[in-house]
Amino acid sequence: MGTGNGSLYDDVTQHIIAQLEEGRLPWVQPWDTSLTVTGLLRNAATGRCYSGINILILLDRLFERGYGAQRWIAYRQAQALGGNVRKGEVGTSVCYADRFTPKDEQERAARAKKLGDFQRNLLIHHG
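Take 0 as the starting number for the sequence shown in the working numbering and just add one per residue.
Listed below in structure tokens is the structure:
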């Protein structure tokens, strides 16, 4: 799931359909809770917790791949910290949303107190 090539919504939908075709119900707890690592999913570089749909996407990948830690990192973040991503490692597509004001509209937006929303997909790797 989530190679970053399609839309995040298409990736999630196709992953759920594939699980259903395999006879698995993705909304039923498929893991052994005694093996579950507690804590929140975090960005390994910033320590920021993931939220929203990203939690579901990353938990699914965590259990699917049997990862023991709940840290994730973008390729450029790993490089900036002096690290790297293993050759052949497949990333997971997540959604990043925030607010911004285009430079040419900052003065007008300051008067109107209006910000623009944006959303983009990021490809992150298990850290």
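Glycine included, C-beta positions come from ideal geometry on N, C-alpha and C.
Keep in mind the model is a prediction, meaning the values are calculated, not measured.
Item	Value
Contact belief for residue 57 with residue 40 at Cβ below 8 Å, rounded distance in angstroms	5 Å
Euclidean distance between Cα positions of residue 80 and residue 44	8 Å
Segments of 4+ residues assigned as alpha helix (DSSP H) that fall wholly inside the region 54–117	74–79 and 105–111
Where residue 7 sits in the DSSP three-state scheme	helix
Counted within 10 angstroms of its Cβ, other Cβ atoms place residue 8 as buried (16 or more) or exposed	exposed
Among 19, 87 and 71, nearest to residue 60 - alpha-carbon criterion	71
Pairwise C-alpha distance: residue 53 and residue 94	7 Å
DSSP three-state assignment for residue 40, whether helix, strand or coil	coil
Other residues of its chain near residue 2: CB distance less than 8 Å, five sequence neighbours each side excluded	Note that residue 2 scores 49 on pLDDT, short of 50, meaning its location in the model is unreliable; the coordinates nonetheless yield the value given after this. For residue 2, where only same-chain residues beyond five positions count, the Cβ hits under 8 Å are 10, 89, 90, 92 and 122.
Burial state of residue 73 (16 or more Cβ within 10 Å)	buried
Distance, residue 62 Cα to residue 24 Cα	14 Å
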